[in-house]
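A short write-up of the structure that comes next.
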Amino acid sequence: MTVTAHLRDASAVRSSPGSLSRARWVPTLAALMLGAAAGTASAQDRAASTASCVAADRAQIAALFDRWNASLATGSPDRVTANYAPDAVLLPTVTNEPRTTPAEIRDYFVKFLKNKPQGTIDKRVIKIDCNVAQDVGTYTFRFADGSSVKARYTYVYQWRDGQWLIAHHHSSAMPEATRP
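For the sequence shown, position 173 matches number 175 in the working numbering, and the numbering has no gaps at all.
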C-alpha cells in the first residue's frame, strides 16, 4: 500500500468517534518523525564533539612500521597478527587472496615468515588525521635465502583501545622493472 492510499484511508478514520482527524494526525506524525531524527542527530553530534583525537607525530607513525617489522623478526605469526585490528584488511604482496579476518591474516604470515623477511622503507609519505594515520610508500623485503622483493605499500592505522592498530595494509610488488 502506498502513502497516498494510507492518507486516503485516514479520511475514513476522521469520521469515527474519538479518532484523530487527518488534519491533526498527519502533522503530529510528521513532528514525531522530525523529533526522532533531530534527537539522533543531536546524539551523534554530542558523541563526535566529546571524542578526542590522540596526538601523534610522523616519528610515532613511522615507528609503527618498526614495531611491525620487529614482530616479523620474532617468527611468530601471532605477534605479527597482534598489530592488526580485528576487522583489518590485508592485501598481501605474495598472494592473490585478500585477508579479512585475524585467522586469515595469521595464515598468511605462517607462510610468509618461513623465509625470515625483514623490511626496509625506501620512500614514504605519512599523513595524520584524528585517530587515523596513513603510511604510504615503497619498501624492500630481504629474505634469508638472499632474495629480495621491492614493493609498494599502504598502511592505514587507527587508534583503538589505547593503541595504534593496522586497519588496512596493502602491499604489492612493483609493476615495473626497477633499476639498480
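From the three backbone atoms N, C-alpha and C, an ideal C-beta is built for every residue, glycine too.
Nearest candidate by alpha-carbon position, reference Ser73, set Asp59, Arg108, Asp137: Arg108
Completely contained alpha helix (DSSP H) runs for the segment 103 to 177, where each covers 4 or more residues: Entirely contained in the segment 103 to 177, the alpha helix (DSSP H) runs reaching 4 residues are, in chain order, 104 to 114.
Inter-residue spacing [alpha-carbon to alpha-carbon] between Ala43 and Leu115: Low local confidence applies: a pLDDT of 47 at Ala43 is under 50, so the model's placement there is unreliable, with the coordinate-based value given in what follows. Ala43 and Leu115: Cα-Cα distance of roughly 47 angstroms.
Within 7 angstroms, strictly: CB atoms of Val56 and His170: no
Sub-7 angstroms separation of Tyr157 and Asp137 beta-carbons: yes
Alpha-carbon to alpha-carbon, Asp80 and Pro119: 15 angstroms
Exposed unless 16 or more other CB atoms sit within 10 angstroms - verdict on Thr83: buried
Ser51 to Ala65 span [Cα, whole Å]: Note that Ser51 scores 44 on pLDDT, short of 50, meaning its location in the model is unreliable and no value can be drawn from it.
Per-residue DSSP class, three states only, for Pro88: strand
Residue range of the alpha helix (DSSP H) that includes Val82: Unbroken alpha helix (DSSP H) run through Val82: 79 to 83.
Between the CA atoms of Ala135 and Pro94 - distance to the nearest angstrom: 19 angstroms
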